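Q: Just so we're aligned, residue 921 is where the sequence shown starts under my numbering, counting upward by one.
A virtual CB, placed ideally from N, CA and C, is assigned to each residue, including glycine.
These numbers come from a predicted model, not from an experiment.
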Amino acid sequence: MRRAFFYGWVIVATLFVVNFATHATGNMNLGLFVIPMSDEIGISRGLFGWLTTSRTLAAGLASIVIGRLVDRFGARILIPASALITGLGVIAIGSATNVVQLFVLFAVIGFGGLSPQGGGLLTSVPVAKWFVRKRGTAMAVTSMGLALGATTFVPVTQFLIGAVGWRRAWFYLGIISMTMIVPTALTFLRRQPEDMGLRPDGDADSRLGSGAAQRSEAADEAVWTLGTALSTRAFWMLTAALALGGFAAGGGVHRIPYWIDSGFDHDLVSLSISVHAASAATVMLAVGILLDRVPARFVAAGPFAGFSIAIVIMLSADSNTDMFASAVIWGMSAGTGIVSQPYLWASYFGRSFLGTIRGVTMPTILVATSLGAPAMGYVFDFRGSYDLAWQVVVAIYAAAFLIMVSVSPPRLGRSLAD
């Protein structure tokens, strides 16, 4: 008997589109706006870093509520609402004339909760609810939307800024994001398989093989609440590792101005960021398949080592080849992290209250992330160079790597004291 098509793959395709379109809203392409906006409005690199901080802090606060809402109601209404808030905020940035307005608008975008700065709760938690055995593969396919979105919107943004200026570029990017996300999410998203009389992965109890049945039943039986998750060592170690990694990654917005300040061609720098994003896409599916087969903490630790290698190459770069090599390694590391980190939370703490649990971690992680960009910006303002900041970032990534590889899966009934 032929097996029916599982609707979970429609969810995956829908969230792929959502992830793709979020890169129109000032994520990977934000670095292209740093120099023209700083020159026209008259803000320093440090202050520009605080703009990303305001967005990230707002996303952290919103994540506490969004996590609970996505557990209870799903993302079908939340994502379109977020897309409208974010898209209108992006359009309004093009009309800003001072730093205060920019701070408010970036915070509004953060409160929308849709950007990757919000931890991707709206796009990763639904996938975890629809899949257990194939969760890694499903998350990988969904996450490829982020990589391909960056690959697309970095050159598109560069073209728009050159053709119509940075203000009109924001306008067009906001329209594109809303047009792609709102109707798609409203039409196809559903909360979880049980609402449609289905099981995760499309399994029916009578069709499960013994091994698959045990894994699926174990996932269903291990219901982690927020309280039980908070009592585990794994929860706090994961939060610490990701907070350290987030602080280090927060300075990533300065990569584009670093390359440009170092004398590299603007268009080639833009192309290298697209190569970075394409490199992320090339590894995502393999990472997802790998996660379904090996301990997730080892895969999740890999990006911290990869980012460090990419930075070392960047600091010693004296050719376009070096720039593109750094971009490829950075992209592969980013792609691995995008897939493995949300998978790790779902693998350790199940799907029942995943949004709530991850939502509580987000303020800590995102506060740390939000401080990375301004810290690096101020290093540049005071020293006239990013070099010291990048060296500190490498040391922080090393600490995050060591913590991550030591985080063993938690067990229900065991507390911090065990």
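DSSP three-state call for Ser1097: helix, strand or coil?
A: helix
Q: Report the three-state DSSP secondary structure of Val1045 (helix, strand or coil).
A: helix
Q: Whose C-beta lies closer than 6 Å to the C-beta of Thr1071 among residues of the same chain, with five residues either side of it excluded?
A: If we look at Thr1071 and ignore the five residues flanking it on each side, its Cβ neighbours are Ser1194, Ala1197 and Ala1198.
Q: Taking the beta carbon of Gly962 as the centre, do at least 16 other beta carbons fall within 10 Å, making it buried, or is it exposed?
A: exposed
Q: Specify whether the segment 1210-1226 and the segment 1172-1180 touch according to this definition: at least 3 beta carbon pairs, one from each stretch, less than 8 Å apart.
A: no
Q: Considering only the alpha carbon of each residue, which of Thr1145, Pro956 and Gln1261 lies closest to Arg1088?
A: Nearest in C-alpha terms to Arg1088, of all of Thr1145, Pro956 and Gln1261, is Pro956.
Q: In three-state DSSP terms, what is Met1014?
A: It is Gly, not Met, that sits at residue 1014 in the sequence shown. Correct three-state label for Gly1014: coil.
Q: Considering Asp1181, what are the terminal residues of the alpha helix (DSSP H) in which it resides?
A: Residues Arg1175 to Asp1181.
Q: Does the distance from the C-beta atom of Phe1031 to that of Ala982 stay below 9 Å?
A: yes
Q: In terms of alpha-carbon separation, which member of Thr934, Gly951 and Gly1056 lies closest to Leu1264?
A: Among Thr934, Gly951 and Gly1056, the Cα nearest to that of Leu1264 is on Gly1056.
Q: Quick check on Thr1241: buried or exposed, where buried means 16 or more other Cβ atoms within 10 Å of its Cβ?
A: exposed
Q: Determine whether the beta carbon atoms of Ala995 and Val1173 lie at a separation below 9 Å.
A: no
Q: From Ala933 to Trp1086, what does the alpha carbon distance come to, in whole angstroms?
A: 31 Å
Q: Return the residue from the list Ser958, Leu935 and Gly1251 that minimises the CA-CA distance to Arg1111.
A: The shortest C-alpha separation from Arg1111 is found at Leu935.
Q: When you compare only the Cα positions, how much space is there between Phe1023 and Thr1152?
A: 37 Å
Q: Classify Thr1062: buried if its beta carbon has 16 or more other beta carbons within 10 angstroms, exposed otherwise.
A: buried
Q: Buried or exposed for Met1116, going by 16 or more other Cβ atoms inside 10 Å?
A: The residue is exposed, with fewer than 16 neighbouring Cβ atoms inside 10 Å.
Q: Among the candidates Asp1307, Ser1190 and Ala1266, whose CA atom is the shortest distance from the CA of Ile1233?
A: Asp1307
Q: Below 8 Å on the Cβ atoms is my contact criterion, and I expect Ala1289 with Val1203 to pass it. Report the Cβ-Cβ distance as a whole number of Å.
A: It should be noted that the sequence gives Thr, not Ala, for residue 1289. With 8 Å as the limit, Thr1289 and Val1203 do not qualify as a contact, their Cβ atoms being about 22 Å apart.
Q: Please state whether the Cβ-Cβ distance between Gly1279 and Thr973 is less than 9 Å.
A: no
Q: Quick one: grab the DSSP three-state call for Tyr1263.
A: helix
Q: So the candidates are Ile931, Ala1083 and Ala1320; which of them puts its Cα closest to the Cα of Ser1044?
A: Looking at the Cα atoms, Ile931 is the closest of the given residues.
Q: Using the beta-carbon count (16 or more within 10 Å), is Ile997 buried or exposed?
A: exposed
Q: Here's a check: name, in chain order, each residue in its chain whose Cβ is nearer than 6 Å to the Cβ of Leu1164, leaving out the five neighbours to either side.
A: Ile1316, Ala1319 and Ala1320
Q: State the CB to CB distance for the pair Gly1208 and Met1059, rounded to an integer number of angstroms; the pair is presumed to be in contact (CB under 8 Å).
A: 6 Å
Q: Considering only their Cβ atoms, is the gap separating Pro1103 from Phe1051 smaller than 9 Å?
A: Against a cut-off of 9 Å, the Cβ pair of Pro1103 and Phe1051 comes out as no contact.
Q: For a test of the three-state rule: what should DSSP assign to Asn947, helix, strand or coil?
A: Here Asn947 sits in coil by DSSP.
Q: What would DSSP say about Thr1145, mapped onto helix, strand or coil?
A: Looking at Thr1145 - three-state DSSP - the assignment turns out to be coil, as it is neither helix nor strand.
Q: Taking the alpha carbon of Val1020 as the reference point, which residue from Leu971, Phe1302, Gln1078 and Ile1011 has its own alpha carbon closest?
A: Leu971
Q: Kindly list the residues whose CB is nearer than 6 Å to the CB of Val1327, restricted to its own chain and excluding five residues on each side of it in sequence; keep chain order.
A: Answer for Val1327: Ala1154, Met1157, Leu1158 and Arg1217, listed in chain order.
Q: What are the start and end residues of the alpha helix (DSSP H) that includes Ser974?
A: Arg965 to Phe993
Q: Which same chain residues end up closer than 6 Å to Gly1314 when comparing Cβ atoms and leaving out the 5 residues on each side of it in sequence?
A: Reading the sequence as shown, one finds Val at residue 1314 and not Gly. If we look at Val1314 and ignore the five residues flanking it on each side, its Cβ neighbours are Ser1228 and Ile1231.
Q: Check this for me: beta carbons of Thr945 and Ser1035, under 9 Å apart or not?
A: yes
Q: Write down every uninterrupted run of the alpha helix (DSSP H) in the segment 1051-1130 whose length is 4 residues or greater and which is fully enclosed by it, in chain order.
A: 1055-1108
Q: Quick check: what's the CA-CA separation for Glu1137 versus Lys1049?
A: Below a pLDDT of 50, predicted positions are generally treated as unreliable, and Glu1137, at 43, falls in that range; the measurement from the model is reported next regardless. Approximately 14 Å, taken between the alpha carbons.
Q: Whole beta strand (DSSP E) runs in the segment 1301-1325 with 3 or more residues, listed along the chain?
A: Segments of the beta strand (DSSP E) lying fully in the segment 1301-1325: there are none.
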